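Engineer:
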Amino acid sequence: MPRLKPKPWALLAYSVGVTIIAVASSSWQTLAVTFLLAGLPGILLGLARFRFLVLLVPLTVIGTFINTMMIYYAGVAREPGSIVFEAGPLEVPEFALETTGIIALRVFSFSGAGLLLVSLTHPREALRSLSEEIGLPKGIAFSLAFALRLLPLVRRDLGEIMAVRRLRGYRTLPITPSDYSTIIAPLLSVTLERALWVGISSELRGFRLRRVKRRRLEAGLPEAVLVALLLIEVVAFFKFS
Amino acid sequence: MIETRIEGAGYVAGKSVLRQVELNAGEGEVILVAGPSGSGKTSYFLAATGVMSNLLGGWVDGVVKLGKINPLEPSGFLNVPRIVGVVLQDPEKQIAMPTPYDEIAFTLENIGFKGALERRVREILDRFGLFNKAFNSIEDLSGGEKRRVTLAAAIVHDPEILLLDEPTASLDPWAVRSVREFVAENKSRGKAVIVIEHKARFFLDLADRVVVMSDGKVVEVLDTQAKAGRSLFKLEDMGVDVGISSSVASRTYHAGCRGELVRARDVDAGYGGFGVVTIEDLEICRGEVVALVGPNGSGKTTVLKTLAGLLKPIRGRVDRRGRAFYVPQTPDYTFVHTSAAKEVEEALSRAPELAGIAKGVGLDVWREVPPYRLSHGQRRWLSILIALSYRPDVLLLDEPTTGLDLKAYKGLVDILREASMRSALVISTHDVRVVKDLADRVYITSEGRLLEVDPAKAVAVLEEAWR
Numbered sequence: 001m002p003r004l005k006p007k008p009w010a011l012l013a014y015s016v017g018v019t020i021i022a023v024a025s026s027s028w029q030t031l032a033v034t035f036l037l038a039g040l041p042g043i044l045l046g047l048a049r050f051r052f053l054v055l056l057v058p059l060t061v062i063g064t065f066i067n068t069m070m071i072y073y074a075g076v077a078r079e080p081g082s083i084v085f086e087a088g089p090l091e092v093p094e095f096a097l098e099t100t101g102i103i104a105l106r107v108f109s110f111s112g113a114g115l116l117l118v119s120l121t122h123p124r125e126a127l128r129s130l131s132e133e134i135g136l137p138k139g140i141a142f143s144l145a146f147a148l149r150l151l152p153l154v155r156r157d158l159g160e161i162m163a164v165r166r167l168r169g170y171r172t173l174p175i176t177p178s179d180y181s182t183i184i185a186p187l188l189s190v191t192l193e194r195a196l197w198v199g200i201s202s203e204l205r206g207f208r209l210r211r212v213k214r215r216r217l218e219a220g221l222p223e224a225v226l227v228a229l230l231l232i233e234v235v236a237f238f239k240f241s
Numbered sequence: 242m243i244e245t246r247i248e249g250a251g252y253v254a255g256k257s258v259l260r261q262v263e264l265n266a267g268e269g270e271v272i273l274v275a276g277p278s279g280s281g282k283t284s285y286f287l288a289a290t291g292v293m294s295n296l297l298g299g300w301v302d303g304v305v306k307l308g309k310i311n312p313l314e315p316s317g318f319l320n321v322p323r324i325v326g327v328v329l330q331d332p333e334k335q336i337a338m339p340t341p342y343d344e345i346a347f348t349l350e351n352i353g354f355k356g357a358l359e360r361r362v363r364e365i366l367d368r369f370g371l372f373n374k375a376f377n378s379i380e381d382l383s384g385g386e387k388r389r390v391t392l393a394a395a396i397v398h399d400p401e402i403l404l405l406d407e408p409t410a411s412l413d414p415w416a417v418r419s420v421r422e423f424v425a426e427n428k429s430r431g432k433a434v435i436v437i438e439h440k441a442r443f444f445l446d447l448a449d450r451v452v453v454m455s456d457g458k459v460v461e462v463l464d465t466q467a468k469a470g471r472s473l474f475k476l477e478d479m480g481v482d483v484g485i486s487s488s489v490a491s492r493t494y495h496a497g498c499r500g501e502l503v504r505a506r507d508v509d510a511g512y513g514g515f516g517v518v519t520i521e522d523l524e525i526c527r528g529e530v531v532a533l534v535g536p537n538g539s540g541k542t543t544v545l546k547t548l549a550g551l552l553k554p555i556r557g558r559v560d561r562r563g564r565a566f567y568v569p570q571t572p573d574y575t576f577v578h579t580s581a582a583k584e585v586e587e588a589l590s591r592a593p594e595l596a597g598i599a600k601g602v603g604l605d606v607w608r609e610v611p612p613y614r615l616s617h618g619q620r621r622w623l624s625i626l627i628a629l630s631y632r633p634d635v636l637l638l639d640e641p642t643t644g645l646d647l648k649a650y651k652g653l654v655d656i657l658r659e660a661s662m663r664s665a666l667v668i669s670t671h672d673v674r675v676v677k678d679l680a681d682r683v684y685i686t687s688e689g690r691l692l693e694v695d696p697a698k699a700v701a702v703l704e705e706a707w708r
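Chains as they are written, first to last, in my numbering: chain A, 1 to 241; chain B, 242 to 708.
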């Protein structure tokens, strides 16, 4: 049976490529293409495994929207456009919706591309492919590979944090920055402690001795598909910029 | 094989956490390093392996030799993994790969194993009873199985020396037995083994010497002949859990229900539509302490969460009266504020009567540090203080004694006894002392069912299981 899953190096290269395009472009047409070809499939795949990542959606949309509104009310928006919605003293200008849309498309594009890598790669396979096939330093390759191992643990940690928040009478659907910080602080604390000890354990199990034997880059149909998708995004970038 | 004469060692210049630590182990010897929390046991582990000076930016003065290697030198530290196998306290903070196969292969790949890697990995998986779970996700393994993965990964390259840091933490007595068997087997194969463990009773019979640490120093060394009788009482006085006596006075239990708080009949508790544990009939009353025991992964936490109302039963209904509060095994999950002071302040504003407890455990020193930077014991206390401040009718605690030394354990028992006067307590535990010292009734999770067992019988089973 032909291999369907792209190699980790190809997924990494694809997600880096998408990120560069998404960051460099401010055209909604380009971002819509990167979102459709990388963001959406990545988010759908990623959410199937790591449902907690759904928190990224309100974090991005609400955070960006509040920011644009603050810019508008501070009077520093260069072209606010017409008022789209009005309720008492609240005015939502075109600028706020457009900017929120563009930034959301950008964030969802590169986070989706990252999720493609996370969902389709296995940590040991990633460590070997990234260091042996594309020559990424083994420390960086290991950090990336270990991040893949951490995600299921973060999902479990988050479940426990939410359970206790419910019992303590705190919101489980984060809305304010304070909600986010009080959810993220324990997550980070547990994750950093875990990462420190895994680092120690890996050193004591000879990670520094690990020899990287360079291998020839293997490429097949799945990698060709990724190259084709990236080319479409590059063309869109130049066409709409 | 192991020679350590540490004059001083620390994580930051000028501040020593270890002083005058001399500890040696020869071929086929097991040295047990015991002592209360904060006595310097883990710091010794980090100093002796070279981690403190080579990785953590700390310093070590003195002599350390592991075989012919000096781990304090960078070149020696590089070669430590070739002759040393390590097991850390928490498997989740040790395992770097997603499956048992990958985790074991990771060690061999790192040291450049010359033989047939796949065959060696399969052999070791078979030896540790993990062959059929070689490609299962680590997350789907029980705590005992995760521990076996770390033991297998430590020994796969046949090291001469083994260093085990709190290898029985969070393990059920059956899994403790597999750690004991591992130590005994490696002793008989001529390995030098250092076991760092505050629950010293699990390894007393296997150890050739017991080294007791306190305040960063070695305060007592007992050899094989002295490890009995009065010496054991002396160890217990030093805060070492040797399991020779019931550590606290027994609790008075007034039989008869003082008000039913939880009732579950014909309930299936589980995640995602899959039944894990069937609760046939469970009634919990005010003033009762109910212990849940059973092997790692048998569904105790799932039962706790279902009783707390955090998980919806797959089948049946749980009736609760009053407020339930669940305290997870990892205390960090309980915190919502970024400073310990704010957590204590909020708890005491809700329940000023807890000021005595906060003071007793040192939490009255309102520090502006994040709660996550407190010691493990202090974090545990803080999480329980928070739970009590909600004045729960039912307090559900998941492995509350994990990582607590003898003194802290006794303090916790006192607090929970007092809490049991007002509330019902449901405690999921592997710790036989909790069953002995606190539990009025005991339930065991076994083969997907929750069954009530006689407390005395449960104590006997738990005591027998690890031997």
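Glycine included, C-beta positions come from ideal geometry on N, C-alpha and C.
None of these values were measured; they are calculated from a predicted model.
#1: Could you compute how far the alpha carbon of serine 202/A sits from the alpha carbon of glycine 484/B?
#2: In terms of residue numbering, what span does the beta strand (DSSP E) encompassing tyrosine 567/B cover?
#3: Could you pull the DSSP bridge partners for cysteine 526/B from this structure?
#4: Compute the Euclidean distance between the alpha carbons of leucine 221/A and leucine 4/A, then round it to the nearest angstrom.
#5: So glycine 431/B packs on glycine 269/B, CB below 8 Å; how close in whole Å?
#6: Alpha carbon to alpha carbon, how far is arginine 128/A from serine 215/A? Give it in angstroms, no decimals.
#7: Run through chain B and tell me which residues come within less than 8 Å of glutamate 133/A, C-beta to C-beta.
#8: Considering only the beta carbon of each residue, do glycine 206/A and isoleucine 352/B sit closer than 8 Å?
#9: Kindly say whether aspartate 573/B, judged by its beta-carbon, lies nearer than 8 Å to any beta-carbon of chain A.
#10: Can you find a C-beta in chain B that's less than 8 Å from the C-beta of glycine 206/A?
#11: Where do the ends of the alpha helix (DSSP H) carrying glutamine 619/B lie?
#12: Count the other CB atoms within 10 Å of the CB of lysine 698/B; is the residue buried (16 or more) or exposed (fewer)?
#13: If you compare alpha carbons, which of Arg620/B, Asp302/B, Asp449/B is closest to glycine 255/B?
#14: Please classify serine 109/A: is it buried, with 16 or more other beta-carbons within 10 angstroms of its beta-carbon, or exposed?
#15: Excluding five sequence neighbours on each side, which residues of the same chain lie with their C-beta closer than 6 Å to the C-beta of glycine 326/B?
#16: Going by the DSSP bridge assignment, what does threonine 245/B pair with across the sheet?
#17: Which same chain residues end up closer than 6 Å to arginine 621/B when comparing Cβ atoms and leaving out the 5 residues on each side of it in sequence?
#18: Counting only Cβ pairs nearer than 9 Å, list the residues of chain B close to isoleucine 200/A.
#19: Is there a Cβ of chain A sitting closer than 8 Å to that of leucine 273/B, yes or no?
#20: At which residues does the alpha helix (DSSP H) containing lysine 428/B begin and terminate?
#21: So with Cβ pairs under 8 Å, would you call serine 181/A a contact of chain B?
#22: Determine the chain A residues that contact aspartate 343/B at a beta-carbon separation under 9 Å, and present them in chain order.
#23: Considering methionine 454/B, what are the terminal residues of the beta strand (DSSP E) in which it resides?
#24: Using a Cβ cut-off of 8 Å (strictly closer), state whether tyrosine 684/B contacts chain A.
#25: Can you list, in chain order, the stretches of the beta strand (DSSP E) that have 3 or more residues and sit fully within the region 315-347 of chain B?
#26: Could you name the residues of chain B that leucine 167/A contacts, counting a contact when the two beta carbons are closer than 8 Å?
#27: Along chain A, in chain order, which residues have C-beta atoms closer than 7 Å to that of isoleucine 352/B?
#28: Throw me the rounded Cβ distance for the valine 198/A and glutamine 570/B pair, which I believe falls under 8 Å.
#29: Scan the region 606-619 of chain B for residues whose Cβ lies nearer than 9 Å to a Cβ of chain A and list them as they occur along the chain.
#30: Please list, in chain order, the chain B residues whose beta carbon lies closer than 9 Å to that of serine 314/A.
#31: Could you tell me which chain B residues have their CB closer than 7 Å to the CB of arginine 214/A, listed as they occur along the chain?
#32: Is any beta-carbon of chain A found at less than 8 Å from that of arginine 401/B?
#33: So alanine 275/B packs on methionine 242/B, CB below 8 Å; how close in whole Å?
#34: So, does the region 221-231 of chain A touch the region 592-607 of chain B, judging by three or more C-beta pairs under 8 Å?
#35: How many whole angstroms separate the CB atoms of valine 118/A and leucine 97/A, which I take to be in contact at a CB cut-off of 8 Å?
#36: For lysine 546/B, would you say it is in contact with chain A, using Cβ-to-Cβ distances shorter than 8 Å as the test?
Structural biologist: According to the structure shown:
#1: Mapped onto the first sequence, residue 202/A falls at position 202. Mapped onto the second sequence, residue 484/B falls at position 243. Between serine 202/A and glycine 484/B, the C-alpha separation is close to 34 Å.
#2: Here residue 567/B refers to the residue found at position 326 of the second sequence. Residues 565-568.
#3: As a first step, residue 526/B is located in the second sequence; it is residue number 285 there, counting from the start. DSSP output for cysteine 526/B lists Glu501/B as bridge partner(s).
#4: By one-based count along the first sequence, residue 221/A stands at place 221. By one-based count along the first sequence, residue 4/A stands at place 4. Going from the Cα of leucine 221/A to the Cα of leucine 4/A covers about 8 Å.
#5: One-based indexing of the second sequence puts residue 431/B at position 190. One-based indexing of the second sequence puts residue 269/B at position 28. Glycine 431/B to glycine 269/B, Cβ: 5 Å. Contact.
#6: Position 215 of the first sequence, counted from the start, is the residue given in the question as residue 215/A. Position 128 of the first sequence, counted from the start, is the residue given in the question as residue 128/A. Residue identity check: residue 215/A is arginine in the sequence provided, not serine. In a straight line, the C-alpha of arginine 215/A is about 10 Å away from that of arginine 128/A.
#7: Looking up residue 133/A in the first sequence gives position 133. Per Cβ cutoff of 8 Å: no residues; glutamate 133/A is ~15 Å from chain B at best.
#8: Residue 206/A sits at position 206 when you count from the first residue of the first sequence. Residue 352/B sits at position 111 when you count from the first residue of the second sequence. Contact check for glycine 206/A against isoleucine 352/B passes: the beta carbons are separated by less than 8 Å.
#9: Here residue 573/B refers to the residue found at position 332 when the second sequence is read from its first residue. It does: the Cβ of aspartate 573/B has a partner Cβ on chain A nearer than 8 Å.
#10: As a first step, residue 206/A is located in the first sequence; it is residue number 206 there, counting from the start. At least one chain B Cβ lies under 8 Å of glycine 206/A.
#11: In the second sequence, counting from the first residue as 1, residue 619/B sits at position 378. Per DSSP, the unbroken alpha helix (DSSP H) holding glutamine 619/B starts and ends at 617-630.
#12: Stepping through the second sequence from its first residue, residue 698/B is reached at position 457. Label assigned to lysine 698/B: exposed.
#13: Taking the second sequence and counting its residues from 1, the one referred to as residue 255/B is at position 14. Of the listed residues, the one whose Cα sits closest to glycine 255/B is Asp302/B.
#14: The residue you call residue 109/A lines up with position 109 of the first sequence. When all chains shown are included, serine 109/A counts as buried.
#15: By one-based count along the second sequence, residue 326/B stands at place 85. The residues Ala395, Ile396, Pro400, Leu403, in chain order, have a CB closer than 6 Å to that of glycine 326/B in the same chain once the five nearest residues on each side in sequence are set aside.
#16: What you label residue 245/B is simply residue 4 of the second sequence in a count that begins at 1. Looking at the DSSP assignment, threonine 245/B forms a beta bridge with Leu264/B, Val305/B.
#17: Residue 621/B sits at position 380 when you count from the first residue of the second sequence. Cβ within range, chain order: Pro572.
#18: Within the first sequence, residue 200/A is the residue found at index 200, counting from 1. Ordered by position in chain B, the residues that pass the 9 Å Cβ test against isoleucine 200/A are Leu287, Thr290, Val292, Leu296, Leu297, Val327, Leu329, Lys334, Gln335.
#19: Here residue 273/B corresponds to residue number 32 of the second sequence, with the count starting at 1. No, leucine 273/B does not count as interfacial toward chain A.
#20: Position 187 of the second sequence, counting from 1, holds the residue named residue 428/B. Run containing lysine 428/B: 414-429, per the alpha helix (DSSP H) assignment.
#21: For the purposes of this step, residue 181/A is identified with residue 181 of the first sequence, where counting begins at 1. Interface criterion met: the Cβ of serine 181/A is under 8 Å from a Cβ in chain B.
#22: Walking along the second sequence from the start, residue 343/B turns up at place 102. Under the 9 Å cutoff, chain A gives His122, Pro123, Arg124, Glu125.
#23: On the second sequence, position 213 is the one that residue 454/B refers to. First-last of the beta strand (DSSP E) with methionine 454/B: 450-455.
#24: Along the second sequence, read from residue 1 onward, the residue named residue 684/B stands at position 443. It does not: the Cβ of tyrosine 684/B has no partner Cβ on chain A nearer than 8 Å.
#25: Taking 3 residues as the minimum length, the beta strand (DSSP E) runs contained wholly in the region 315-347 of chain B are 325-328, in order along the chain.
#26: Locating residue 167/A in the first sequence gives position 167, counting from the first residue. Going along chain B in sequence order, the residues near leucine 167/A (Cβ under 8 Å) are Ala549, Leu551, Ala565, Phe566, Tyr567, Tyr631.
#27: Within the second sequence, numbered from 1, the residue matching residue 352/B stands at position 111. Close to isoleucine 352/B, with beta-carbon spacing below 7 Å, are these residues of chain A in chain order: Gly206, Leu209.
#28: Within the first sequence, the letter at position 198 stands for residue 198/A. Within the second sequence, the letter at position 329 stands for residue 570/B. Contact doesn't hold; Cβ gap of about 19 Å is too wide.
#29: Those would be Pro611, Pro612, Tyr613, Arg614, in chain order.
#30: Given that chain A is displayed from residue 1 to residue 241, the structure contains no residue 314/A and the question cannot be resolved.
#31: The sequence position of residue 214/A within the first sequence is 214, counting from 1. Around arginine 214/A, no beta-carbon contact reaches into chain B at under 7 Å, the shortest distance being about 15 Å.
#32: Counted from its first residue, the second sequence places residue 401/B at position 160. The displayed chain sequence assigns glutamate, not arginine, to residue 401/B. Residue-level contact check: glutamate 401/B does not touch chain A, since none of the beta carbons of chain A fall below 8 Å from its beta carbon.
#33: Here residue 275/B is taken as the residue at index 34 of the second sequence, counted from 1. Here residue 242/B is taken as the residue at index 1 of the second sequence, counted from 1. Contact flag wrong, Cβ pair sits at about 21 Å.
#34: The region 221-231 of chain A vs the region 592-607 of chain B: no contact.
#35: The sequence position of residue 118/A within the first sequence is 118, counting from 1. The sequence position of residue 97/A within the first sequence is 97, counting from 1. In fact, because the Cβ distance is near 30 Å, the residues do not count as touching under 8 Å.
#36: Start at 1 with the first residue of the second sequence, and residue 546/B comes out as number 305. Cβ-Cβ to chain A under 8 Å: yes for lysine 546/B.
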